[in-house]
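In our numbering, the protein residues as written are 129 to 209.
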């Protein structure tokens, strides 16, 4: 299986190796892996939502939270400078 301590594999090589390892699994194992990945992605998204919530709460407490229903203002607040 994938060993991250190979001392020289970069991320692309590790990913390629992981894909090759997955190809060797049975259909049932691949389906189980797929379900695990789905759960991990859901957990990560929940964590991200929680972090955004905490950041918004902090801004609210500090009085720096800006609320708007104006589409142009919202677009500007979402744009990355």
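All residues carry an ideal CB built from backbone N, CA and C; glycine is no exception.
DSSP places residue 155 in the helix class (H, G or I) of the three-state scheme. Here residue 169 carries a helix assignment [DSSP, helix/strand/coil]. Between residue 196 and residue 188, the C-beta gap is not smaller than 7 Å, which leaves the two residues out of contact.
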